[in-house]
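Here's the structure, in structure tokens; my notes come after.
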Amino acid sequence: MLGRIRRRALAQQIPAPPPAAQPACPLCGRPIPEGHGDAHHLVPKSEGGTVTVQLHRMCHRQIHALIPERELAREYASIAALLRHPGVARYVQWVSNKPADMRERTRKSVGVRARG
Ligand SMILES: [Zn+2]
Ligand SMILES: [Zn+2]
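Written out as structure tokens, the structure is:
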């Protein structure tokens, strides 16, 4: 009797579908896990802006660490413009292959706590 080897992996190998509800960060393109999102005012509130986009908190912090609000309002009031900023571009390139739920290290030296 010939052995009928049927050792197919019967373990269920159904790839877990990604949660559809996760929005993508327009800056870096990675999904934003729950609790990692932050609303960014394309034109800062202090300059009269009302339109917001959801970004990773660390992407958001990065923008404000690199660009003063006055400049955001004047020159970087869109995602496309932000991506043209050399510092932002470098950050996006760096972060694009990092896990989406990575949290930035707390940098105590940076006192920028801009919101909006
Ligand atoms: Zn912001
Ligand atoms: Zn992001």
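In terms of the working numbering, the numbers along the sequence shown are unbroken and rise by one, the last being 117. C-beta: ideal position from N, C-alpha, C; glycine also.
- Per DSSP, the unbroken alpha helix (DSSP H) holding residue 83 starts and ends at 80-85.
- Within the same chain, 31, 32, 34 come within 6 Å of residue 101 by CB-CB distance, once the 5 residues on both sides are set aside.
- DSSP places residue 54 in the strand class (E or B) of the three-state scheme.
- Distances taken from the Cβ of residue 33 to the heavy atoms of ligand 2 include one shorter than 8 Å.
- In this structure, ligand 1 has no non-hydrogen atom nearer than 8 Å to the beta-carbon of residue 80.
- Not one heavy atom of ligand 2 lies closer than 8 Å to the C-beta of residue 89.
- Residue side-chain check: residue 45 places its Cβ nearer than 8 Å to a non-hydrogen atom of ligand 1.
- Under DSSP, the beta-bridge partners assigned to residue 41 are 54.
- A distance of 9 Å or more separates the beta carbons of residue 59 and residue 91.
- Pairing residue 41 with residue 54, the inter-Cα distance amounts to about 5 Å.
- DSSP lists 25 as the bridge partner or partners of residue 32.
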